[in-house]
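Heads up: the structure comes next, in structure tokens.
Protein chains: 2
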Amino acid sequence: MTPQRESVMAAVTQLVHATPDQVADAVPGVDLTTVYRTLETLEHIGLLAHTHLGHGAPSYRLAADDHVHVVCHRCSSVIDAPAGLADQLSRQLAEERGFILDRSHFTVFGTCADCAAGSSHD
Amino acid sequence: MTPQRESVMAAVTQLVHATPDQVADAVPGVDLTTVYRTLETLEHIGLLAHTHLGHGAPSYRLAADDHVHVVCHRCSSVIDAPAGLADQLSRQLAEERGFILDRSHFTVFGTCADCAAGSSHD
DNA sequence: ATAGCTGCAAACGGTTTGCCTCACA
DNA sequence: TGTGAGGCAAACCGTTTGCAGCTAT
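Taken in order, these protein sequences are the chains called A and B. Residues in the first sequence are numbered from 119 upward in steps of one, following the working numbering. Residues in the second sequence are numbered from 119 upward in steps of one, following the working numbering.
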């Protein structure tokens, strides 16, 4: 655990969800390359997890923070839902196909209630 | 419907799942930029849909081909599962949160049976 | 004439690579 | 003194933008 790694962990902890770019901004003095390499390392040893919350950069968070993501692609809001939301699907995939769902990577897209209500704009 | 658009539709139909790059390879003489713009247009008018099957480029397919994707991130295999797989989750999100799940964009990740069995590597 | 589509080239965002340096076992 | 971590710059991939030419109203 180098100082840079401690800083990156601290930044992700504080930001809850963070792209590599956001992490780099939060840890001035640490090179962006180092941020990428560090995020990868920390994920590999199981401290962090990432998922894709949209078209851009991936979002990192603490692996211990076990929840799934529900993203509105109209307003881009991200809802953190309890991990249990994926349980039934997870069970079904396991039973029918022996497939082990990775919940940490689980994100679904759609239209949130607010956007569905005021569904004027595209 | 220009000739280029017909070609792109034909290519996606034939490839089943195709990245913009793969489409461009399948339609020589059509510029990559045109492929991007055409895929976007065809998606907008409801003929195509795309989802993200991994870290790289998005994958386009016919919108009429209504299924969800299950991806093994160990061997990168893509399983096309019936759209019904998402029904329970879809219902739950609608009831609890008024969230309308977009099935065309639905992809889940995990470890397939084969990789889970021979789980030596990585 | 006008509007929309195409091609080409350049810009762009996000990420990775190569290489050289430094710190510490 | 050798191994791993960090910094910097350049390459890289996928995508978008600007612009000019073409085609079919």
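Note that beta-carbon positions come from the ideal geometry of N, C-alpha and C, so glycine has one too. In this text, all values refer to a predicted model and were calculated from it rather than measured experimentally.
Checklist entry - To which residues does DSSP link C224 of chain A through a beta bridge? => result In the first sequence, residue 224 of chain A corresponds to position 106, counting from 1. With the sequence shown as reference, residue 224 of chain A is identified as Phe, and Cys is not the correct amino acid for it. By DSSP's assignment, F224 of chain A forms no beta bridge with any residue.
Item to check | Where the segment 201 to 223 of chain B meets chain A: residues whose CB sits under 8 Å from a CB there | outcome: Closer than 8 Å at the C-beta level to chain A, one finds these residues of the segment 201 to 223 of chain B: L203, A204, Q206, L207, Q210, L211, R215, G216, F217, I218, L219, D220, H223.
Item to check | Counterpart residues of C190 of chain A in DSSP-defined beta bridges | outcome: What you label residue 190 of chain A is simply residue 72 of the first sequence in a count that begins at 1. Partner residues in the beta bridge of C190 of chain A, as assigned by DSSP, are A:G228.
Checklist entry - Can you tell which of B:T151, B:Y178, B:A234 has the C-alpha that lies nearest to the C-alpha of A129 of chain B? => result On the second sequence, residue 129 of chain B is found 11 positions in, with the first residue counted as 1. Here the closest residue by C-alpha is B:Y178.
Checklist entry - What does a CB cutoff of less than 7 Å around T229 of chain A pick up in its chain, not counting 5 residues either side in sequence? => result One-based indexing of the first sequence puts residue 229 of chain A at position 111. Contacts found: C190, R192.
Next on the checklist: Count Cβ pairs between the segment 135 to 145 of chain A and the segment 168 to 185 of chain A that sit closer than 8 Å; are there 3 or more?
Outcome noted: Yes, the segment 135 to 145 of chain A is in contact with the segment 168 to 185 of chain A.
Next on the checklist: Please list, in chain order, the chain B residues whose beta carbon lies closer than 9 Å to that of C230 of chain A.
Outcome noted: To locate residue 230 of chain A, count along the first sequence from 1; it is residue 112. Neighbours of C230 of chain A on chain B, chain order: R215, G216, F217, I218.
Item to check | DSSP-derived helix/strand/coil call for A199 of chain B | outcome: As a working mapping, residue 199 of chain B is identified with position 81 in the second sequence. Assignment of A199 of chain B by DSSP, reduced to helix, strand and coil, places it in the strand class.
Next on the checklist: Please report whether the beta-carbon of A175 of chain A lies at a distance below 7 Å from any beta-carbon of chain B.
Outcome noted: Mapped onto the first sequence, residue 175 of chain A falls at position 57. False, the Cβ-Cβ gap to chain B never drops below 7 Å.
Checklist entry - Looking at the structure shown, is T169 of chain B part of a helix, part of a strand, or coil, going by DSSP? => result Walking along the second sequence from the start, residue 169 of chain B turns up at place 51. Three-state DSSP puts T169 of chain B in a strand.
Item to check | Residues of its chain near H239 of chain B, where Cβ-Cβ distance is below 7 Å and the 5 sequence neighbours each way are ignored | outcome: What you label residue 239 of chain B is simply residue 121 of the second sequence in a count that begins at 1. With a pLDDT of only 46 at H239 of chain B, under 50, the local geometry of the prediction cannot be trusted, and no value is derived from it.
Item to check | Straight-line gap, S125 of chain B to E214 of chain B (C-alpha atoms, nearest Å) | outcome: Within the second sequence, the letter at position 7 stands for residue 125 of chain B. Within the second sequence, the letter at position 96 stands for residue 214 of chain B. S125 of chain B and E214 of chain B have their C-alpha atoms some 43 Å from each other.
Checklist entry - Would you say A234 of chain B faces chain A, with C-beta separation under 7 Å as the test? => result Position 116 of the second sequence, counting from 1, holds the residue named residue 234 of chain B. Output row for A234 of chain B: interface = yes.
Item to check | Bridge partner(s) assigned by DSSP for A136 of chain B | outcome: On the second sequence, residue 136 of chain B is found 18 positions in, with the first residue counted as 1. B:Y178, per the DSSP bridge assignment.
Checklist entry - Can you tell me the Cα-Cα spacing of F224 of chain B and Q122 of chain A, whole angstroms? => result As a working note, residue 224 of chain B is residue 106 in the second sequence. As a working note, residue 122 of chain A is residue 4 in the first sequence. Using only the alpha carbons, I get a separation of about 36 Å.
Item to check | Own chain partners of L150 of chain B with C-beta closer than 6 Å, once the 5 adjacent residues on each side are dropped | outcome: Locating residue 150 of chain B in the second sequence gives position 32, where the first residue counts as 1. So the qualifying residues of the chain are A142.
Next on the checklist: For H239 of chain B, would you say it is in contact with chain A, using Cβ-to-Cβ distances shorter than 7 Å as the test?
Outcome noted: Translated into the one-based positions of the second sequence, residue 239 of chain B becomes position 121. Bear in mind that a pLDDT of 46 at H239 of chain B, under 50, signals an unreliable position, so the number given afterwards is only what the model happens to contain. Not a single CB atom of chain A sits nearer than 7 Å to the CB of H239 of chain B.
Checklist entry - Considering only the beta carbon of each residue, do A181 of chain B and L166 of chain B sit closer than 7 Å? => result On the second sequence, residue 181 of chain B is found 63 positions in, with the first residue counted as 1. On the second sequence, residue 166 of chain B is found 48 positions in, with the first residue counted as 1. In contact: A181 of chain B and L166 of chain B (Cβ atoms closer than 7 Å).
Checklist entry - Along chain A, which residues have their Cβ under 7 Å away from the Cβ of V153 of chain B? => result Numbered from 1 along the second sequence, position 35 holds the residue referred to as residue 153 of chain B. For V153 of chain B, none of the residues of chain A pass the 7 Å Cβ criterion, the least Cβ distance being about 17 Å.
Checklist entry - So, using beta-carbon positions, are A201 of chain B and R221 of chain B closer together than 7 Å? => result Residue mapping note: residue 201 of chain B aligns to position 83 of the second sequence, counting from 1. Residue mapping note: residue 221 of chain B aligns to position 103 of the second sequence, counting from 1. Yes.
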